[in-house]
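Residue numbers (my numbering): 47 to 336. Beta carbons are placed, not taken as given, at the ideal position from N, Cα and C, and that holds for glycine. To start, the structure itself, in structure tokens.
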């Protein structure tokens with residue numbers, strides 16, 4: 047009798063054509079059925095449809111490759127947008143952390159009539175733990191570690207206090223930075239004239255004569271500047287290079303929290319003099335260009 051057309055070959059061609067719309071979902075079955083039909087045709091002389099099988103294999107392969115290529119192009123086009131959205135979310139989270147630290151610092155000032163001290167000063171007076179530890183009672187969120195857990199007559203790296211480093215509260219963690227456990231990039235602005243000036247009594251609100259809205263209190267520093275959260279070590283603005291130590295986490299600038307609780311992104315194009323002015327609290331200089 048006359049040779050019959052292989053059903054597998056017909057199905058292969060149909061699925062191969064569909065692969066231009068459904069990619070590998072029909073492209074791979076088209077290739078498999080095409081190969082099976084070619085095997086049947088070689089084994090059975092009365093089975094025909096070799097051209098259909100080859101067509102199914104060819105269209106299945108082309109459709110799969112084209113659709114995968116389009117998918118790859120779409121991924122390549124969407125990836126920058128996804129990365130930008132992720133960066134924006136991380137930036138928003140970091141800004142919220144800085145704002146929470148500002149509010150805690152203001153609550154501390156309201157209760158103690160000064161901002162928290164930066165740590166032990168030159169005469170050995172003051173805390174041997176960071177301002178972050180001093181703020182623990184004033185944070186709104188549960189921290190898992192309390193102010194009373196520390197031995198305050200011991201340094202931050204004493205055998206007991208070191209055991210608390212890995213219990214760092216989430217508000218000090220920055221998801222944009224890959225840091226060792228217990229390390230933070232949220233540093234106080236320190237140095238002569240800054241809010242964290244090394245005074246064991248802390249800076250009083252009335253001493254911030256430049257205005258809280260014009261004075262930086264915290265910055266998001268570079269990962270290379272990260273410190274254990276309990277260590278009394280902060281960021282000091284270099285007058286010759288005010289951007290040193292900051293700007294490594296955000297394209298085009300860095301995050302800074304002002305004394306009034308506001309958080310700003312400081313672009314790299316900001317005049318260096320304005321950054322230096324914002325790092326001091328009572329120098330009478332102008333930081334309005336921030």
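{"Item": "Could you tell me if residue 315 is buried or exposed, where buried requires 16 or more neighbouring beta carbons within 10 angstroms of its beta carbon?", "Value": "exposed"}
{"Item": "Under the DSSP definition of a beta bridge, which residues are partnered with residue 262?", "Value": "304"}
{"Item": "Roughly how many whole angstroms lie between the Cα atoms of residue 300 and residue 320?", "Value": "14 Å"}
{"Item": "Under three-state DSSP, which class holds residue 328?", "Value": "coil"}
{"Item": "Between residue 73 and the rest of its own chain, which residues show a CB-CB distance below 6 Å, the 5 nearest in sequence each way excluded?", "Value": "65, 106, 109, 110"}
{"Item": "Please work out which residues of its chain come closer than 6 Å, Cβ to Cβ, to residue 61, disregarding the five sequence neighbours upstream and downstream, and give them in chain order.", "Value": "72, 75, 76"}
{"Item": "Which residues share a DSSP beta bridge with residue 154?", "Value": "Residue 154 pairs with nothing; no bridge assigned."}
{"Item": "Is it buried or exposed, residue 52, if we count other Cβ atoms within 10 angstroms and call 16 or more buried?", "Value": "buried"}
{"Item": "Once DSSP output is grouped into helix, strand and coil, what is the label at residue 187?", "Value": "coil"}
{"Item": "Considering residue 61, what are the terminal residues of the alpha helix (DSSP H) in which it resides?", "Value": "53-68"}
{"Item": "Between 90, 83, 89, which lies nearest to residue 97 when the distance is taken from Cα to Cα?", "Value": "83"}
{"Item": "Assign residue 190 to one of two classes, buried (16 or more other C-beta atoms within 10 Å of its C-beta) or exposed (fewer than that).", "Value": "exposed"}
{"Item": "Out of 151, 226, 55, state which residue places its alpha-carbon closest to the alpha-carbon of residue 179.", "Value": "151"}
{"Item": "What's the gap between the Cα of residue 118 and the Cα of residue 112?", "Value": "10 Å"}
{"Item": "Nearest CA to the CA of residue 285: which residue from 312, 317, 256, 69?", "Value": "317"}
{"Item": "Residue 303 and residue 281 look like a contact to me (Cβ under 8 Å); what is the Cβ gap, rounded to whole Å?", "Value": "Not quite, the Cβ-Cβ distance comes to about 12 Å (not below 8 Å), so this is no contact."}
{"Item": "Are residue 327 and residue 305 close, meaning C-beta to C-beta below 9 Å?", "Value": "yes"}
{"Item": "Taking all protein chains shown into account, decide if residue 233 is buried (16 or more other Cβ within 10 angstroms of its Cβ) or exposed.", "Value": "buried"}
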